[in-house]
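Working notes for the structure below.
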Amino acid sequence: MADTRRLPGPNADLWDWQLDAACRGMASSYFFHPEGERGPARSRREAQAKIVCAHCPALLQCRAHALEVHEPYGIWGGMSESERTQALAPVTTH
1 MADTRRLPGP NADLWDWQLD AACRGMASSY FFHPEGERGP ARSRREAQAK
51 IVCAHCPALL QCRAHALEVH EPYGIWGGMS ESERTQALAP VTTH
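This is the structure we're talking about:
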């Protein structure tokens with residue numbers, strides 16, 4: 001679950017990027033997996049979602065939002081759940 005304490009307030013200026021998003025009006029099933037989806041089916045759905053993201057004018061704002069609030073599910077800003085987890089993992093040095 002997203003950490004709602006990290007969510008920005010209701011200020012429209014903070015959310016305006018969503019109005020320009022390429023995914024606006026699309027079914028959420030393109031970006032969020034159904035329960036139990038794995039393997040090739042999941043990879044295909046994620047790849048299709050990332051194609052939408054790749055051409056989106058709100059890509060960077062969407063990605064920043066997802067990383068900032070630790071969105072736990074779905075494709076956000078062209079990143080999958082596992083990619084966001086990796087990006088947020090602490091860097092260890094030896």
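Numbers 1 to 94, taken from the UniProt record's numbering, label the letters of the sequence shown in order.
Think of the CB as a built atom: it goes at the ideal place given N, C-alpha and C, for glycine as much as any other residue.
As the structure is a computational prediction, the values presented were derived from the model and not from experiment.
Item	Value
If residue 87 and residue 60 are in contact, beta carbons under 8 Å, what's the gap, nearest whole angstrom?	Not confirmed; about 14 Å, so no contact.
Classify residue 38: buried if its beta carbon has 16 or more other beta carbons within 10 angstroms, exposed otherwise.	exposed
At what residues does the alpha helix (DSSP H) containing residue 39 begin and finish?	39-54
Is the beta carbon of residue 16 sitting closer than 7 Å to the one on residue 57?	no
With which residues is residue 76 paired in a DSSP beta bridge?	79
Would you mind stating whether residue 74 and residue 31 have Cβ atoms separated by less than 7 Å?	yes
Below 8 Å on the Cβ atoms is my contact criterion, and I expect residue 22 with residue 65 to pass it. Report the Cβ-Cβ distance as a whole number of Å.	At roughly 15 Å, the Cβ-Cβ gap does not stay under 8 Å, so residue 22 and residue 65 are not in contact.
Would you report the Cα separation of residue 70 and residue 92, rounded to the nearest angstrom?	20 Å
What are the boundary residues of the alpha helix (DSSP H) that residue 69 is part of?	59-69
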